[in-house]
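Notes to accompany the following structure.
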Amino acid sequence: MKRESWQSRIGFILAVTGSAIGLANIWRFPYLVGEYGGAAFVFVYLLSLFLLGFPVLMAEIIIGRKTQLNPSGAMGTLGGKRWKWVGMTTVFTGFLVSAFYSAVAGWILGYLVESFRGTLSHLSTMESSVAFFDTLLGQWQFTVGAHALFLGVAITILLFGVRDGIERGNKIFMPLLFLLLLGLFGYGLLLPNADKALSYLWEPDLSALTPKAILAAVGQSFFTLSLGQGTMITYGSYLKKGENLLLSCLPIVLFDTIISLIAATVVFTIVFSVGFEPTSGPGLLFHTLPVVFYQIPYGHFLAPIFFLLVTLAAITSEISALEPSIAFLMDTWKFSRKQAVLLVGGAVFLLGIPCALSTNLLKEWTLFGLTVLDGAMFVASGLLIPLGGFAAVVLCGWVLGVSPSLKELRRGSREVFDRFPFLYRYFSFCFKYLAPVLIGIILINALLSG
Ligand code: PHE
Numbered sequence: 328m329k330r331e332s333w334q335s336r337i338g339f340i341l342a343v344t345g346s347a348i349g350l351a352n353i354w355r356f357p358y359l360v361g362e363y364g365g366a367a368f369v370f371v372y373l374l375s376l377f378l379l380g381f382p383v384l385m386a387e388i389i390i391g392r393k394t395q396l397n398p399s400g401a402m403g404t405l406g407g408k409r410w411k412w413v414g415m416t417t418v419f420t421g422f423l424v425s426a427f428y429s430a431v432a433g434w435i436l437g438y439l440v441e442s443f444r445g446t447l448s449h450l451s452t453m454e455s456s457v458a459f460f461d462t463l464l465g466q467w468q469f470t471v472g473a474h475a476l477f478l479g480v481a482i483t484i485l486l487f488g489v490r491d492g493i494e495r496g497n498k499i500f501m502p503l504l505f506l507l508l509l510g511l512f513g514y515g516l517l518l519p520n521a522d523k524a525l526s527y528l529w530e531p532d533l534s535a536l537t538p539k540a541i542l543a544a545v546g547q548s549f550f551t552l553s554l555g556q557g558t559m560i561t562y563g564s565y566l567k568k569g570e571n572l573l574l575s576c577l578p579i580v581l582f583d584t585i586i587s588l589i590a591a592t593v594v595f596t597i598v599f600s601v602g603f604e605p606t607s608g609p610g611l612l613f614h615t616l617p618v619v620f621y622q623i624p625y626g627h628f629l630a631p632i633f634f635l636l637v638t639l640a641a642i643t644s645e646i647s648a649l650e651p652s653i654a655f656l657m658d659t660w661k662f663s664r665k666q667a668v669l670l671v672g673g674a675v676f677l678l679g680i681p682c683a684l685s686t687n688l689l690k691e692w693t694l695f696g697l698t699v700l701d702g703a704m705f706v707a708s709g710l711l712i713p714l715g716g717f718a719a720v721v722l723c724g725w726v727l728g729v730s731p732s733l734k735e736l737r738r739g740s741r742e743v744f745d746r747f748p749f750l751y752r753y754f755s756f757c758f759k760y761l762a763p764v765l766i767g768i769i770l771i772n773a774l775l776s777g
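By the numbering used here, the letter at position 407 of the sequence shown is numbered 734, and the numbering carries on one by one without gaps.
Now the structure itself:
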């Protein structure tokens, strides 16, 4: 069976952008900025993208493109037998992420349906909004059903393969998402208090920049770029050998960042326009926004558009979290795509059930105060994802070696390197020292505090 590849560079860019842009951009980023002091947080986040996120992304793409294999096969080929297991761990991380991600995205799907039905428009106070959220998530039929539905959409796209499924899906969903977001952005800027919302995003409050905020910024930069879980290795493995990696990947980081900033602006302008503050943490999207939407002009139309936007972003991310496991089964055990997709889809559905039940039937099932869903998120984002990123840079910087890694990176991007020779130093320093040391510190911190 011939391995598939992306049809075009733009197809690759949209697919990776689709993976990157997701709940982390539209839900998590705005509330983190709200919680951790506006521009101060944004600054640390941007720094973390430059020093950690981008180099780790390039390391993963190098590993994938060089070997044209799934994460386990790729790491094993470059580093030997033990690395095969490291790669397998990253595949498992993607598998775990796709399970809880689907459970949470199911809630968004529920809000999308409810906004179309007009139910959300009755939520005129914060109390009623919180009560609505709790009642909805308290029903296991809803959380499990929504998880199944959301996963079903992702699985259906994946059945069509790399070009006809992932690439085509992203080519449709991504432009639609940009359009909807830009529409909301323009609208938000016309609302009262838009200037306040903008200054909130751009004026730093240094007192909020605690170590916790810094860790959150670093974690955000990893999660939003879909790093550390085999996704980028797998997407890189579908790239043709002559592709210019730098020119393909730089726009992705830029798009992802711009979308986060625009999403935060949209949320803040809407929230500020009726005098609310964006400091309600994770509840910002589910508690605050529904109340606010129905107090602004055209809110009845805007709410469904907003939740549709978030749903589209989540679907393109979900498929990218599932693909490493599918590629693994296809490469290693020669499954057909259909068999692999159905098996992975079934397994993720089962694993996602306890996550979906965490807000109702299994609410009392806690370990160290964490429900199954919280626990899965903590283990993935706090431990496994940094570990996967650490493995990728160590593999490129130390095991494969900086020269061979940069040789792979230069293939197809020679002119860029000739023009900006400092890139050699930047990548060598990041692969070899900076990224491993910083991620090492994060991991140790997570282990000690966890
Ligand atoms: N990057 C996605 C987001 O921002 C999340 C994601 C993580 C997707 C891992 C795929 C794999 O929401």
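Every residue, glycine too, gets a C-beta built ideally from N, C-alpha and C.
Since the structure is predicted, the reported quantities are computational estimates derived from the model, not experimental observations.
Rounded straight-line distance, which links the Cα of residue j to that of residue i
{"i": "Leu636", "j": "Leu507", "result": "7 Å"}
{"i": "Ile560", "j": "Lys661", "result": "19 Å"}
{"i": "Asn571", "j": "Ile337", "result": "12 Å"}
{"i": "Phe634", "j": "Leu436", "result": "7 Å"}
{"i": "Leu405", "j": "Tyr514", "result": "50 Å"}
{"i": "Ile586", "j": "Leu384", "result": "18 Å"}
{"i": "Val675", "j": "Phe505", "result": "29 Å"}
{"i": "Lys759", "j": "Leu616", "result": "44 Å"}
{"i": "Lys408", "j": "Ala401", "result": "11 Å"}
{"i": "Asn397", "j": "Thr416", "result": "12 Å"}
{"i": "Ile493", "j": "Ala648", "result": "12 Å"}
{"i": "Ile680", "j": "Ala430", "result": "8 Å"}
{"i": "Gly610", "j": "Ser652", "result": "32 Å"}
{"i": "Gly381", "j": "Ala521", "result": "The question names Gly, yet the displayed sequence has Phe at residue 381. Computed Cα separation, rounded: 32 Å."}
{"i": "Gly361", "j": "Pro502", "result": "27 Å"}
{"i": "Val618", "j": "Ser600", "result": "12 Å"}
{"i": "Gly728", "j": "Ala773", "result": "28 Å"}
{"i": "Leu677", "j": "Phe705", "result": "19 Å"}
{"i": "Phe744", "j": "Ala640", "result": "33 Å"}
{"i": "Leu684", "j": "Gln466", "result": "9 Å"}
{"i": "Leu612", "j": "Pro357", "result": "9 Å"}
{"i": "Ala524", "j": "Ile348", "result": "22 Å"}
{"i": "Gly715", "j": "Pro631", "result": "36 Å"}
{"i": "Ala386", "j": "Val720", "result": "6 Å"}
heavy atom of the ligand PHE below 7 Å from residue i C-beta
{"i": "Gly716", "result": "no"}
{"i": "Val594", "result": "no"}
{"i": "Ile589", "result": "no"}
{"i": "Ala719", "result": "no"}
{"i": "Gln556", "result": "yes"}
{"i": "Ser553", "result": "yes"}
{"i": "Gly477", "result": "Gly is not the amino acid found at residue 477; the sequence shown has Phe there. Not so, every heavy atom of the ligand PHE lies at least 7 Å from the Cβ."}
{"i": "Asn497", "result": "no"}
{"i": "Asn397", "result": "no"}
{"i": "Asn352", "result": "yes"}
{"i": "Val424", "result": "yes"}
{"i": "Ile484", "result": "no"}
{"i": "Ile348", "result": "yes"}
{"i": "Ser644", "result": "yes"}
{"i": "Gly728", "result": "no"}
{"i": "Ala401", "result": "no"}
{"i": "Ser647", "result": "yes"}
{"i": "Ile421", "result": "According to the sequence as given, residue 421 is Gly; it is not Ile. Under cutoff, so the answer is yes."}
{"i": "Phe754", "result": "no"}
{"i": "Phe550", "result": "yes"}
Spatial neighbours of residue i in its chain, beta-carbon cut-off 7 Å, leaving aside the 5 residues before and after
{"i": "Lys690", "result": "Thr698"}
{"i": "Gln395", "result": "Arg330 and Ser564"}
{"i": "Phe469", "result": "Gly437 and Leu463"}
{"i": "Ser708", "result": "Gly546 and Phe550"}
{"i": "Lys498", "result": "Gly338 and Leu341"}
{"i": "Phe702", "result": "Per the sequence shown, the amino acid found at residue 702 is Gly instead of Phe. Closer than 7 Å at Cβ, skipping near neighbours: Leu694."}
{"i": "Thr344", "result": "Met501, Ile579, Phe582 and Asp583"}
Same chain, Cβ closer than 8 Å to residue i, five either side skipped, listed in chain order
{"i": "Gly373", "result": "Here residue 373 turns out to be Leu, not Gly, going by the sequence shown. The residues are Thr584."}
{"i": "Val489", "result": "Glu331, Ser332, Trp333 and Tyr565"}
{"i": "Leu450", "result": "Ser456, Phe459, Pro617, Val618 and Tyr621"}
Same chain, Cβ closer than 6 Å to residue i, five either side skipped, listed in chain order
{"i": "Ser740", "result": "Asn571, Leu572 and Leu573"}
{"i": "Ala718", "result": "Val413"}
{"i": "Leu656", "result": "Phe662 and Ala667"}
{"i": "Leu511", "result": "Val593"}
Beta carbon proximity, residue i to chain D, threshold 8 Å
{"i": "Pro651", "result": "Protein chains in the displayed structure number just one, and chain D is not present."}
**Prompt:** For the stretch 529-547 against the stretch 620-635, are there 3 or more C-beta pairs whose distance is under 8 Å?
**Reply:** With a cut-off of 8 Å, the stretch 620-635 and the stretch 529-547 do not count as touching, because too few Cβ pairs lie within range.
**Prompt:** Would you call the stretch 433-452 and the stretch 669-677 touching, i.e. three or more CB-CB distances under 8 Å?
**Reply:** By the Cβ criterion, the stretch 433-452 is not in contact with the stretch 669-677, since fewer than three pairs of Cβ atoms, one from each stretch, lie closer than 8 Å.
**Message:** For the stretch 360-374 against the stretch 522-539, do three or more pairs of beta-carbon atoms, one drawn from each stretch, fall closer than 8 Å, so that the two count as touching?
**Reply:** Yes, since at least three Cβ pairs between the stretch 360-374 and the stretch 522-539 fall closer than 8 Å, the two stretches touch.
**Request:** State whether the stretch 599-612 contacts the stretch 642-661, with contact taken as three or more CB pairs (one from each stretch) at a distance under 8 Å.
**Result:** Segment contact: the stretch 599-612 against the stretch 642-661, fewer than three CB-CB distances shorter than 8 Å; contact not assigned.
**Message:** Below 8 Å, how does it come out for the stretch 471-479 and the stretch 412-432: are there three or more Cβ pairs, yes or no?
**Reply:** With the cut-off at 8 Å, the stretch 471-479 and the stretch 412-432 touch.
**Request:** Decide if the stretch 587-599 is in contact with the stretch 743-760; the criterion is three or more beta carbon pairs, one per stretch, under 8 Å apart.
**Result:** Result no; under three Cβ-Cβ pairs closer than 8 Å.
**Request:** Tell me, please, whether the stretch 675-689 touches the stretch 717-737 by the rule of three or more beta-carbon pairs shorter than 8 Å.
**Result:** These segments do not touch.
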